[in-house]
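> My structure is below; once you've seen it, I'll send some questions.
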Amino acid sequence: MNGTRVTGEQTPVGSGSIRKLRKLTPPWLRREPLSLWLAAITVAGAAALPVLYLVVRAAESGESAVDSIFDFDTVAILWRSIQLIVLVTLGSVLIGVPLGWLTVRTDLPYRRAWAVASVLPLAIPSYVGALAFISAFGPKGLLQGWLEGPFGVERLPDLYGLTGASVVLILLSYPYVFLTVRATLWRLEPEMEEASWSLGRSPWQTFRRVTLPLLYPAIGAGALLVALYTLSDFGAVALLQYDTFTRVIFNEYNSAFNRAAAAALSLVLLAVAVSLILIEASARRRARYYSGANAARRRRRIVRLGHWRLPAFLFSSLVTLLALGIPVFVLVYWLTRGVNAGESGLFDWRAVYTSVQYSVAAAVATVIAAIPISVLSVRRPGLLSTGLERFSYVGFAMPGIAVGLGLVFFGIRYATGIYQTVYLLVFAYVVLFLPVAVGLIRSSLLQVNPRMEEAAMSLGRSRINAFLTVTVPVIRPGLAAAAIMVFLLTMKELPATLILGPIESRTLATSIWTAAEEAFFARAAAPSLLLVIASAAPMTFLVLRERSRN
Amino acid sequence: MTTEISNCLARRTILMALGLASVLILAIACSSDDSSDSSENSGPSDEGEELIIYSGRSESLVAPLIEKFEAATGIDAKLNYAGTGALAATLLEEGDRSPADVFFAQDPGGLGSIIELVKPLSDDVVGRVPDWARSPDNLWVGISGRARTVVYNTDALSPEDLPETMEGFMDPAWKGRIGWAPTNGSFQAMVTGMRLIWGEERTREWLEGIVANEPKVYAKNTPTVAATGFGEVEVGFVNHYYLHRFIAEEGDGFAARNYFLPGGGPGSAVLVTGAAILKTADNDSEAERFLEYLLSADAQRYFAEETYEYPLVDGVKRADLLPELASLNTPDIDVSDLGDLATTQNLLREVGALP
Amino acid sequence: MIGLPRISGLTGIRRKRSESVNTDIALRCTGVSKSFDGTLAVDDFDIEVKRGQILALVGPSGCGKTTLLRMIAGLESLDTGRIEIGGEVVASSGRHIGPDKRSVGIVFQDYALFPHMTVEANVGYGLERKGKSERVEEVLGLVGLEGLGKRLPSELSGGQQQRVALARTLASKPDVLLLDEPFSNLDAGLRERVRSEIREILKAAGTTTVFVTHDQQEALFMGDLVGVQVGGRIEQVDIPERVFHSPATNFVARFMGVADFLPVDPLGNRLVTEAGPARAAPGFEPPESAPLEVMARPADFVLAPSAEGQGVVISRVFQGWAYTYEVELNSGLRIHCQMPHLLTIEVGQRVLVNLRRDHPQMFFSEGHAVPEVPRYGHQP
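Protein chains in written order, with the numbering used here: chain A, 1 to 550; chain B, 551 to 905; chain C, 906 to 1285.
Right under this line is the structure:
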């Protein structure tokens, strides 16, 4: 069918038989059932609980909470956060887009391997990454130690502050952009680029004037995730000595024990997150022309890099080396040092087991929870459905501790039965990672022609049956991708797990934290490596699958 | 699509969904089973109820102690580990529905914030520690002591180079050589002590003096000590026992040592970790036994030898590496007075030490 | 012989080739072949298209037509053979000039308009800045879309989108214009009207066009030359009338319209079929020992209800001014016959079937026309 959408019923494009079919279906069939709306609202409502908690807490101390906001020279700190967000987002786009393009569209050797390696940094928790970088690049770090001897390097460039924090966060979060860009690149109609080419534009011009603009929605989606992640990150910025807004919030919780002030500040953070979401939303709206088209089955055009091969190769190597190589190397270094020093019991298999269990449960639950919102926002775009979809993003921006405490607040009052059980914890994970799942499932759903479902229903299938037999097989890859992403993010989640986790349970993330708190680096290294490995397997699967499908 | 194929597809998708659902349920069921097992090492007897302890002290330090406790008393202890602040906040949120029995905190501030939620301890328990190391109303008791100290890099400095009191570090000669962690609870407790002993003005001056020397800021004690050892800074204001952790991990060659200010003053304050029994505890006797255990010779020896902290109970010797508590010239303040950090934080913000 | 340089510096935009250069033949393919994974997609393709001509390539789906088009455009490379555009060799076994440097425009089946650009921006995409807006206006006028320049493609109907795609390629005055199944996305009613409009536009612009379709009606209507392609091979290229009336092979005959083949028994100087004698052109020589067939289109039969007829009507399709009957002859062979609606024959009636004798028929033997019809006919 067309790559561009034709408006309404004015001049229908398409074979006559589908039109006939559409006229046959009664109007009620075309409306989504009430149960779907209820499900979506329930899920969004669940995501709203922590926000509600923050409002309650902030409100109860009334004026003093508002005062405390202004105590903090809020604007200056917010500005610091915003600077960081801008730099990290920009950097992630500058790395994610070329890498995405290189691994999908060119003849870069070992593309699959690069694709997997490029995604893996997502598996590294930010505090581990920061620790590793400091250990490697710090003024008296590993690297400097080695370079001092033969090269007389006394001091490496300072890793702390805005520069260091930006670099580390860029390296750990560019995969978000990488993934969204890749997903879209697979789906772009090759004809558009071929048309540009045959109109006389060189491949580079084609990329700049046709491909890139069509990638903007995907870049926006990835950038939003990066921005929200940076906004709520605490681990890395604390270690790299760059004070952002989250630091202030954490201080309120951990030093001042002032929940009201912390809640008020969290709401300010949320407001920033909401503005980011709205910015992306308006950019997305302007790009409404791009409705996901069914890309042709034809072989994809591969761009021959020619003498650009070497620079491309170096670029990819550098990124992988920094983002993945350095952390893994440092972790292995610590681990071997610990093993050599005779430390035992470094590999906690029970923590692995627990982590995987929680992550699998979170993945399945989140994907299921995300489906109603995704379906509604794609099939019935309107104020309510888009509102629900946008709203689900707040969970990603909130500090984990706020989500945790919010659920403690509600859990202990209204859900005592599941308090401090896995169920509530999985619920927290759903709240935290819902937007990631919604985003991935949405873009998958955009590929499906709703007429197919309607055709199935006109042929006698019930709505559910039609959905299961026609739509689900097509969006299965999107569902899988969503599940795997949530799995990954849950594996490394810390604050909510600490607060809501069943007593006596231990995950890899909490083990890392426990060990790192007391400077037991070897004991922190082992679960860190296990975390990376455990996350690597599904990520590899995801990337390879995507490839073979196309 | 023929009916057979579509039915087959429908069936397959439903089966897959059921499969996933069962995985989900299994996963949850297994993990709840797991969590209801106690730790794998001990085999507590069937007698003894559960004791639920929220511990702001990390698992790596506390777990061995818990094992011994369970073995000695037969009580089944369940530990919830997290940051002291997060746990305090959790306790406050849980309110009177909290399942927790005991709160074991890293610092008095944490205990102070939940003071409404605890019940008074018996004299028997609190009597074991010196007066300055417990709450005046018997609401909590100190368990182990940590002294504020100055850690210095041995490659760059020797003890002669270091000033007698904290005020000595205001000298511009120290510019760029100091490391501190103003967001850290212990540091803030120390500054609170300064305010109590020196008064607001002098404390402010000191803070401004240090800020003028452009200290490097770290998140906590651990990175400060690490930085000092690696030469990133030459001195750091920390709690004494972290150094020993590093020496144990890195070896004697670790280039840092503790310097206890000969001049004493608030820079040498001794802080304590503490524990309290919550109002929501349903088994007071077990809880008390736990606290008693923590204050027993066994446990205090553990703190002395394994974590290099100061035991608070008479008769237990500190580790050899540590100087005598008495020799530290500790200032005369009640630890419980160090609990109110809010004013201190405002001060820190005013001088630009905190964001 | 030396025209303007084909590439304008770094912008990579083609300059229009000077008219004075070279030839009258806008496109020439010689022996062009291409295989994909061992299967031959295009097999020894030869064609010559004069300037201003429209060549319609028709054949069943999957016969390599689109591949051929892409090779001419430069989006695929060829294995053997040579492609010349405007006299310049753009592709051969050793040489491949990319699409951005050929003077070829291609309109894809789903138009591939740039959704993020307005109509104006789309149409002007391949043009240099100088004179762009004038040319865009000119070309929009040519395709009948004046005033729609500021719209986005998503705001246009299918027919309008197609015209934008056409305008976009026409703007830079390519030597050859390629259209890939341009009308298959349109509704039947729209199709005919759009076809004639497009043909007018193409003729007005004087552009050499190769367009590809699977609809023989379209090919006959649009093309100055019609090429029938199957399995990568050209079966016949000629003017539409000859391809329809003098097909070179059985396949071409069947493809271009309903065609029935009756066995012929040459008895003496009479050519006898089950539907009576067939009339041949003067000087017709039946082959010595090979079987002979006569080709008859539905209009070549006459039916008359008769109890002694040699056929039975097995189905009837009403087409407005005529009925098309399918008749099964006694031998089991089925033929189609078109009769004006004034006479209505019911299904199941026995009929007498006769071949018209007012014009000579086409004869075939072993799949080929007898006498042989040249594969590559040319305009008279």
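We treat Cβ as the ideally placed atom computed from N, Cα and C, and that holds for glycine.
Just to check my reading of the structure: residue 403/A and residue 428/A have Cβ atoms closer than 8 Å, yes? What is that Cβ distance to the nearest angstrom?
In the first sequence, residue 403/A corresponds to position 403, counting from 1. In the first sequence, residue 428/A corresponds to position 428, counting from 1. Correct: roughly 6 Å between the Cβ atoms.
> Taking 9 Å as the threshold (beta carbon to beta carbon), is residue 678/B in contact with chain A?
For the purposes of this step, residue 678/B is identified with residue 128 of the second sequence, where counting begins at 1. Judged by the 9 Å Cβ criterion, residue 678/B is not in contact with chain A.
> Mind pulling the chain A residues with CB within less than 8 Å of residue 1011/C?
For this step, residue 1011/C is matched to residue 106 along the third sequence. Those within 8 Å of residue 1011/C in chain A are 194, 195 and 198.
> List the whole-angstrom C-beta distance separating residue 690/B from residue 819/B, where the pair is believed to meet the contact cut-off of C-beta under 8 Å.
Locating residue 690/B in the second sequence gives position 140, where the first residue counts as 1. Locating residue 819/B in the second sequence gives position 269, where the first residue counts as 1. In fact, because the Cβ distance is near 18 Å, the residues do not count as touching under 8 Å.
> List the DSSP bridge partners of residue 730/B.
Looking up residue 730/B in the second sequence gives position 180. Residue 730/B is bridged to 767/B.
> For residue 168/A, tell me which candidate among 305/A, 310/A, 62/A and 323/A has the shortest Cα-Cα distance.
Position 168 of the first sequence holds residue 168/A. Residue 168/A has its Cα closest to that of 323/A, out of 305/A, 310/A, 62/A and 323/A.
> So residue 449/A contacts chain B; which residues on that side make the cut at Cβ distance below 9 Å?
Position 449 of the first sequence holds residue 449/A. Chain B residues near residue 449/A: none, gap ~15 Å exceeds 9 Å.
> When the Cα atoms are used, what is the spatial distance from residue 1175/C to residue 953/C?
Within the third sequence, numbered from 1, the residue matching residue 1175/C stands at position 270. Within the third sequence, numbered from 1, the residue matching residue 953/C stands at position 48. Roughly 40 Å separates the two Cα atoms.
> So residue 789/B is in the beta strand (DSSP E); what residue range does that whole segment cover?
Here the question's residue 789/B lines up with position 239 in the second sequence. Where residue 789/B is concerned, the enclosing beta strand (DSSP E) stretches over 785 to 789.
> Taking the alpha-carbon positions, what's the residue 1065/C to residue 1050/C distance?
By one-based count along the third sequence, residue 1065/C stands at place 160. By one-based count along the third sequence, residue 1050/C stands at place 145. The straight-line gap from Cα to Cα measures roughly 8 Å.
> Let me know the alpha helix (DSSP H) ranges lying completely inside the region 1031 to 1076 of chain C, each 4 residues or longer, listed in chain order.
The qualifying runs are 1037 to 1048 and 1063 to 1076.
> Which residue wins for smallest C-alpha separation from residue 668/B, given the options 830/B, 867/B and 892/B?
Locating residue 668/B in the second sequence gives position 118, where the first residue counts as 1. Of the listed residues, the one whose Cα sits closest to residue 668/B is 830/B.
> In whole angstroms, give me the CA-to-CA distance for residue 115/A and residue 196/A.
By 1-based counting over the first sequence, the position of residue 115/A is 115. By 1-based counting over the first sequence, the position of residue 196/A is 196. Computed Cα separation, rounded: 27 Å.
> If I measure Cβ to Cβ from residue 1186/C and keep anything under 8 Å in the same chain, skipping five residues before and after, which residues do I get?
To locate residue 1186/C, count along the third sequence from 1; it is residue 281. The residues are 1265.
> Between the region 729 to 737 of chain B and the region 786 to 803 of chain B, do at least 3 Cβ pairs fall closer than 8 Å?
Yes, the region 729 to 737 of chain B touches the region 786 to 803 of chain B.
> Given this structure, state the Cα-to-Cα distance separating residue 1267/C from residue 1178/C, to the nearest angstrom.
Looking up residue 1267/C in the third sequence gives position 362. Looking up residue 1178/C in the third sequence gives position 273. Going from the Cα of residue 1267/C to the Cα of residue 1178/C covers about 13 Å.
> Grab the span of the beta strand (DSSP E) containing residue 1259/C for me, first residue to last.
Numbered from 1 along the third sequence, position 354 holds the residue referred to as residue 1259/C. From DSSP, the beta strand (DSSP E) with residue 1259/C extends over 1255 to 1260.
> Since residue 1164/C and residue 1280/C are thought to touch, with beta carbons under 8 Å apart, how far apart are those beta carbons, to the nearest angstrom?
On the third sequence, residue 1164/C is found 259 positions in, with the first residue counted as 1. On the third sequence, residue 1280/C is found 375 positions in, with the first residue counted as 1. The pair is not a contact, with the Cβ atoms about 18 Å apart (cut-off 8 Å).
> DSSP three-state call for residue 743/B: helix, strand or coil?
What you label residue 743/B is simply residue 193 of the second sequence in a count that begins at 1. Residue state, collapsed to three classes: helix.
> Going by CA-CA distance only, name the one from 634/B, 753/B and 793/B that's closest to residue 804/B.
As a working note, residue 804/B is residue 254 in the second sequence. It is 793/B.
> Fully enclosed by the region 603 to 651 of chain B, which alpha helix (DSSP H) runs are 4 residues long or longer?
Segments of the alpha helix (DSSP H) lying fully in the region 603 to 651 of chain B: 609 to 623 and 634 to 644.
> Along chain E, which residues have their Cβ under 8 Å away from the Cβ of residue 227/A?
Among the protein chains in the structure shown, which are A, B and C, there is no chain E.
> By Cβ distance below 7 Å, which residues in the same chain neighbour residue 1276/C in space, the five residues on each side in sequence not counted?
Looking up residue 1276/C in the third sequence gives position 371. The answer is none, since no qualifying residue turns up.
> Hey, is residue 285/A's beta-carbon within less than 9 Å of any beta-carbon in chain C?
As a working note, residue 285/A is residue 285 in the first sequence. So, not an interface residue.
> Per the DSSP calculation, residue 279/A is bridged to which residue(s)?
Position 279 of the first sequence holds residue 279/A. Beta-bridge pairing links residue 279/A to no other residue.
> I need the straight-line Cα distance from residue 478/A to residue 260/A, nearest angstrom please.
Residue mapping note: residue 478/A aligns to position 478 of the first sequence, counting from 1. Residue mapping note: residue 260/A aligns to position 260 of the first sequence, counting from 1. Approximately 40 Å between the Cα atoms of the pair.
> Does the region 409 to 428 of chain A come within contact of the region 633 to 651 of chain B, defined as at least 3 CB pairs closer than 8 Å?
The region 409 to 428 of chain A is in contact with the region 633 to 651 of chain B.
> For residue 997/C, report the span of its beta strand (DSSP E) as first-last.
Against the third sequence, residue 997/C aligns to sequence position 92. Note, residue 997/C: beta strand (DSSP E), 993 to 997.
> For residue 697/B, which residues does DSSP report across the bridge?
Indexing the second sequence from 1 puts residue 697/B at position 147. Per DSSP, 820/B.
> Chain A partners of residue 608/B, CB-CB under 7 Å?
Here residue 608/B corresponds to residue number 58 of the second sequence, with the count starting at 1. Per Cβ cutoff of 7 Å: 514, 517 and 518.
> In whole angstroms, what separates the C-alpha of residue 364/A from that of residue 483/A?
One-based indexing of the first sequence puts residue 364/A at position 364. One-based indexing of the first sequence puts residue 483/A at position 483. So the alpha carbons of these two residues sit roughly 6 Å apart.
> Classify residue 823/B: buried if its beta carbon has 16 or more other beta carbons within 10 angstroms, exposed otherwise.
Working through the second sequence from its first residue, we reach residue 823/B at position 273. Buried, by the Cβ-count rule.
> Could you pull the start and end residues of the beta strand (DSSP E) that residue 241/A belongs to?
Within the first sequence, numbered from 1, the residue matching residue 241/A stands at position 241. Element bounds for residue 241/A: n/a, residue is neither H nor E.
> Give, in chain order, every unbroken run of the beta strand (DSSP E) that is at least 3 residues long and sits entirely within the region 447 to 478 of chain A.
Complete beta strand (DSSP E) runs here, min 3: none at all.
> For a contact meaning CB atoms closer than 9 Å, what does residue 763/B contact in chain A?
If you number the second sequence from 1, residue 763/B lands on position 213. Those within 9 Å of residue 763/B in chain A number zero; the least Cβ separation is about 16 Å.
> Which partner residues does residue 806/B have in the DSSP bridge list?
For the purposes of this step, residue 806/B is taken as residue 256 along the second sequence, with counting starting at 1. Partner(s): 703/B.
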